[in-house]
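Before any comments, here is the structure.
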Amino acid sequence: YARKSISNETDISRTRILQLMIDKLNYRMKCQEVYVSPYCMASDAILDRDSPPFQNILSSLKGCYGDITCLISRLHYLKQPARLVIIDYAGLSTSPEDINNFLIAYPRICEIVIDHGGSMEILSRYQLLENNEVEKFHCRNASVQRSK
Numbered sequence: 012y013a014r015k016s017i018s019n020e021t022d023i024s025r026t027r028i029l030q031l032m033i034d035k036l037n038y039r040m041k042c043q044e045v046y047v048s049p050y051c052m053a054s055d056a057i058l059d060r061d062s063p064p065f066q067n068i069l070s071s072l073k074g075c076y077g078d079i080t081c082l083i084s085r086l087h088y089l090k091q092p093a094r095l096v097i098i099d100y101a102g103l104s105t106s107p108e109d110i111n112n113f114l115i116a117y118p119r120i121c122e123i124v125i126d127h128g129g130s131m132e133i134l135s136r137y138q139l140l141e142n143n144e145v146e147k148f149h150c151r152n153a154s155v156q157r158s159k
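Quick note: the sequence shown, position 88, residue 99 per my numbering, numbers continuous.
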């Protein structure tokens with residue numbers, strides 16, 4: 012899963028950046044399916060994102076399986092355990108409470124893998140819900156400036 016913060020860049024630039032994130036999740040992290048939220052803040056509630064859908068951006072992304080509503084639908088019908096892979100803690104959310112609610116709502120998520128660039132971190136469902144490691148997601152108050 013990848014998300015892009017709301018900013019004043021062009022749709023072409025946003026699409027290019029999202030495509031780089033998708034490619035990283037596909038090739039480096041070996042993700043089978045990648046979902047994106049093209050316009051949302053890290054503090055936005057996970058389950059309320061991508062409404063209305065941004066089809067103009069989603070349709071131009073290669074290797075994208077849809078937005079957060081598609082991911083939620085997939086998780087709802089999934090029969091086997093799932094591993095959610097994100098880029099950085101804020102790639103999912105900066106609200107530990109929101110992540111708790113998300114994990115409780117979708118019990119098939121067994122792990123969250125965080126790509127920190129040079130390293131990966133795997134947090135189990137137990138670590139997040141029982142050992143309070145979900146607090147790691149309360150990590151920043153402002154967007155990180157990435158290369159343009």
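Where a beta carbon is used, it is the ideal one built from N, C-alpha and C, also for glycine.
Coarse secondary structure for residue i, derived from DSSP in three states
{"i": "A168", "result": "Because the chain is modelled from 12 through 159, residue 168 falls outside the range shown and cannot be assessed."}
{"i": "R136", "result": "helix"}
{"i": "E207", "result": "In the structure displayed, the chain extends from 12 to 159; residue 207 sits before or after that span and is not available."}
{"i": "C121", "result": "strand"}
{"i": "C81", "result": "helix"}
{"i": "K15", "result": "coil"}
{"i": "G128", "result": "coil"}
{"i": "P63", "result": "coil"}
Cβ-Cβ separation, residue j to residue i (assumed contact under 8 Å), whole Å
{"i": "I79", "j": "D99", "result": "Going by Cβ atoms, the distance from I79 to D99 rounds to 17 Å, so no, they are not a contact pair."}
{"i": "A53", "j": "S104", "result": "6 Å"}
{"i": "D126", "j": "V96", "result": "7 Å"}
{"i": "I17", "j": "Y50", "result": "5 Å"}
Where the alpha helix (DSSP H) through residue i begins and ends
{"i": "A116", "result": "107 to 116"}
{"i": "R39", "result": "Careful: R39 lies outside any alpha helix (DSSP H) and carries neither H nor E."}
{"i": "N67", "result": "66 to 69"}
Span of the beta strand (DSSP E), counted from its first residue to its last, around residue i
{"i": "L95", "result": "93 to 98"}
Practice problem: Kindly confirm or deny that the region 93 to 108 and the region 66 to 81 touch, where touching means at least three C-beta pairs closer than 8 Å. | Solution: By the Cβ rule, the region 93 to 108 does not count as touching the region 66 to 81, because fewer than three pairs are nearer than 8 Å.
Self-check item: Stretch pair the region 28 to 37 + the region 117 to 124: three plus CB contacts closer than 8 Å
Solution: no
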